[in-house]
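**Q** In the working numbering, the protein residues as written are 3 to 325.
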Amino acid sequence: MPKPRVLVTREIPAAGLDKVLAHCDAEVIRDPLPPSRATLLEKVRGCDGLLSLLTERIDAEVMDAAGPQLKVVSNFAVGFNNIDIAEATRRGIKVGNTPGVLTDATADIAFALLIAAARRIVESVDYARAKKWKTWEPLGHIGADLQNKTIGIVGMGRIGYAMAKRCRGGWDMNVLYYGRSRNEEAERNLGARLVDFETLLAESDFISVHTVMNDSTKHLFNADAFRKMKRSAIFINTARGGIVDESDLTAALRNGDIFAAGLDVTDPEPPAFDNPLLHLPNCVVAPHIGSATVSSRNGMAEIAADNLLAGLAGQPLRHCVNP
Ligand code: GLV
Numbered sequence: 003m004p005k006p007r008v009l010v011t012r013e014i015p016a017a018g019l020d021k022v023l024a025h026c027d028a029e030v031i032r033d034p035l036p037p038s039r040a041t042l043l044e045k046v047r048g049c050d051g052l053l054s055l056l057t058e059r060i061d062a063e064v065m066d067a068a069g070p071q072l073k074v075v076s077n078f079a080v081g082f083n084n085i086d087i088a089e090a091t092r093r094g095i096k097v098g099n100t101p102g103v104l105t106d107a108t109a110d111i112a113f114a115l116l117i118a119a120a121r122r123i124v125e126s127v128d129y130a131r132a133k134k135w136k137t138w139e140p141l142g143h144i145g146a147d148l149q150n151k152t153i154g155i156v157g158m159g160r161i162g163y164a165m166a167k168r169c170r171g172g173w174d175m176n177v178l179y180y181g182r183s184r185n186e187e188a189e190r191n192l193g194a195r196l197v198d199f200e201t202l203l204a205e206s207d208f209i210s211v212h213t214v215m216n217d218s219t220k221h222l223f224n225a226d227a228f229r230k231m232k233r234s235a236i237f238i239n240t241a242r243g244g245i246v247d248e249s250d251l252t253a254a255l256r257n258g259d260i261f262a263a264g265l266d267v268t269d270p271e272p273p274a275f276d277n278p279l280l281h282l283p284n285c286v287v288a289p290h291i292g293s294a295t296v297s298s299r300n301g302m303a304e305i306a307a308d309n310l311l312a313g314l315a316g317q318p319l320r321h322c323v324n325p
């Protein structure tokens with residue numbers, strides 16, 4: 003029997019890629035940059051399965067270009083806002099994602115961004131590198147305390163919980179959270195309190211975003227939200243850039259409406275090099291590295307391969323996002 007045809011839109015770790023290569027007639031796009039839309043549409047033609055990254059928009063046009071034999075789209079990410087899930091579901095195409103294996107790595111980046119923004123680490127390192135360090139400065143580089151403050155988590159899922167646990171365990175923070183679902187484990191273990199959005203904005207010293215990006219969360223953080231936050235607040239986003247109105251965030255950081263921000267995601271990615279968020283001293287921007295550890299990326303590759311192979315075989319996916 004011929005092997006199923008699949009397209010892998012970028013080189014992923016061998017932990018998953020080797021499985022795909024062993025079982026499929028696979029084309030792997032090995033360019034370091036994402037394929038152009040035209041390349042994606044051309045190469046997906048005739049494929050039974052697609053292993054995609056969050057950089058590819060997988061919509062009806064891509065599904066049409068693939069053809070009616072397309073059975074599965076396996077996303078090498080926990081997020082899946084790049085895929086039209088309703089359209090895939092309507093066509094009977096299974097969609098997989100890679101949760102669980104990147105929880106701690108992503109929470110670590112949120113935690114690191116919070117410390118970096120609070121203690122002005124990037125700004126201070128830049129200062130030393132620019133030969134401005136002349137002496138120990140009693141009034142210089144003063145940042146924010148973390149101990150006993152209040153962390154506000156938007157989206158208390160796996161990663162939100164892991165971030166809250168770090169804040170509670172490390173700094174005895176009070177934990178507030180806002181989101182669609184109640185998390186009783188967070189309430190029991192971390193003393194977390196579910197509040198409405200306005201309360202979260204008003205009472206949190208730090209806000210960390212871990213929610214999905216969809217129509218109801220797009221630009222949830224806008225001028226109105228930043229105005230309602232404390233002027234000492236620090237805003238952390240390791241979820242999706244589109245949850246934030248970036249020009250409103252820029253204004254809030256410039257006007258001192260909030261103290262600082264730490265971002266691992268932007269909209270678009272990468273941001274234009276002249277985007278002020280990359281250059282403001284009170285904003286730390288990392289290039290979407292939340293899951294960039296050996297075990298997370300290997301784990302993601304394995305799950306993405308398993309999802310792909312299960313979908314091709316008509317079996318349930320390890321992690322399926324179709325409703
Ligand atoms: C990364 O952002 C992911 O969704 O896995």
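Using N, Cα and C, we set each Cβ at its ideal position, and we do this for glycine too.
(1) The ligand GLV heavy atoms versus the CB of alanine 94: any closer than 7 Å?
(2) Does the Cβ of glycine 159 lie closer than 7 Å to at least one heavy atom of the ligand GLV?
(3) Can you list, in chain order, the residues of its chain with a C-beta nearer than 7 Å to that of glutamate 89? Leave out the 5 residues immediately preceding and following it.
(4) Any contact between the segment 192-205 and the segment 92-107? By contact I mean 3 or more CB pairs, one from each, below 8 Å.
(5) Measure the CB-CB distance between proline 273 and leucine 282 and report whether it falls below 8 Å.
(6) Is valine 97 close to the ligand GLV? I mean its beta-carbon at under 7 Å from any heavy atom of the ligand.
(7) Given that a residue counts as buried once 16 or more other Cβ atoms are within 10 Å of its Cβ, and exposed if not, what is phenylalanine 275?
(8) With DSSP collapsed to three states, give me the class of alanine 262.
(9) For cysteine 26, which three-state DSSP category applies?
(10) From the DSSP output, read off the bridge partner residues of leucine 9.
(11) Give a yes or no on contact between the segment 67-80 and the segment 36-56, applying the rule of three or more CB pairs nearer than 8 Å.
(12) Within its chain, find whatever has a CB closer than 8 Å to the CB of serine 206; leave out the 5 residues flanking it on each side and keep chain order.
(13) Run the CB neighbour count on arginine 12, radius 10 Å, all protein chains shown included, and call it buried at 16 or more, exposed below.
(14) Considering only heavy atoms of the ligand GLV, does any lie closer than 7 Å to the CB of histidine 359?
(15) Under three-state DSSP, which class holds glycine 1?
(16) Based on Cα-Cα distance, which residue from Phe228, Ala307, Tyr180, Ala204 lies nearest to threonine 213?
(17) Hey, how far is the Cα of isoleucine 161 from the Cα of valine 286?
(18) With a threshold of 7 Å, establish whether the CB of leucine 116 neighbours any heavy atom of the ligand SAH.
(19) For glycine 98, which beta-bridge partners are listed by DSSP?
(20) Per the DSSP calculation, leucine 178 is bridged to which residue(s)?
**A** For this structure:
(1) As a position in the sequence shown, residue 94 is number 92, starting the count at 1. A small correction: the amino acid at residue 94 is glycine; alanine does not occupy that position in the sequence shown. Result no, Cβ not under 7 Å from the ligand GLV.
(2) In the sequence shown, the residue the question calls residue 159 occupies position 157. No, since every heavy atom of the ligand GLV falls outside the 7 Å radius drawn around the Cβ of glycine 159.
(3) As a working note, residue 89 is residue 87 in the sequence shown. In the same chain as glutamate 89, and ignoring 5 residues on each side of it, the C-beta atoms closer than 7 Å to its own belong to Asp61, Ala62, Met65, in chain order.
(4) With the cut-off at 8 Å, the segment 192-205 and the segment 92-107 do not touch.
(5) Residue numbering aside, residue 273 sits at position 271 when the sequence shown is read from its first letter. Residue numbering aside, residue 282 sits at position 280 when the sequence shown is read from its first letter. In this structure, the beta-carbon distance from proline 273 to leucine 282 does not fall below 8 Å.
(6) What you label residue 97 is simply residue 95 of the sequence shown in a count that begins at 1. No, Cβ of valine 97 sits at least 7 Å from all heavy atoms of the ligand GLV.
(7) Position 273 of the sequence shown holds residue 275. Label assigned to phenylalanine 275: exposed.
(8) Against the sequence shown, residue 262 aligns to sequence position 260. Strand, per DSSP.
(9) If you number the sequence shown from 1, residue 26 lands on position 24. In the structure shown, cysteine 26 sits in coil (DSSP, three-state: anything other than H, G, I, E or B).
(10) Along the sequence shown, read from residue 1 onward, the residue named residue 9 stands at position 7. Residue pairing from DSSP places leucine 9 in a beta bridge opposite Glu29, Leu52.
(11) Segments in contact, yes.
(12) Within the sequence shown, the letter at position 204 stands for residue 206. Sequence-distant Cβ neighbours of serine 206 in its own chain, meaning closer than 8 Å and more than five residues away, are Thr152, Ile153, Gly154, Leu178, Met231, Lys232, Ala235.
(13) Counting from one through the sequence shown, the residue named residue 12 turns up at place 10. By the 10 Å Cβ count, arginine 12 comes out buried.
(14) No answer is possible for residue 359: the residues shown for the chain start at 3 and end at 325.
(15) As displayed, the chain neither begins before 3 nor continues past 325, which places residue 1 out of reach and without an answer.
(16) Mapped onto the sequence shown, residue 213 falls at position 211. Here the closest residue by C-alpha is Tyr180.
(17) Residue numbering aside, residue 161 sits at position 159 when the sequence shown is read from its first letter. Residue numbering aside, residue 286 sits at position 284 when the sequence shown is read from its first letter. Cα to Cα, isoleucine 161 sits roughly 20 Å from valine 286.
(18) By its list of ligands, the structure shown excludes the ligand SAH, since it contains just the ligand GLV.
(19) Taking the sequence shown and counting its residues from 1, the one referred to as residue 98 is at position 96. Assignment of beta-bridge partners to glycine 98 by DSSP yields Ser76, Cys322.
(20) For the purposes of this step, residue 178 is identified with residue 176 of the sequence shown, where counting begins at 1. Beta-bridge pairing links leucine 178 to Gly154, Arg195.
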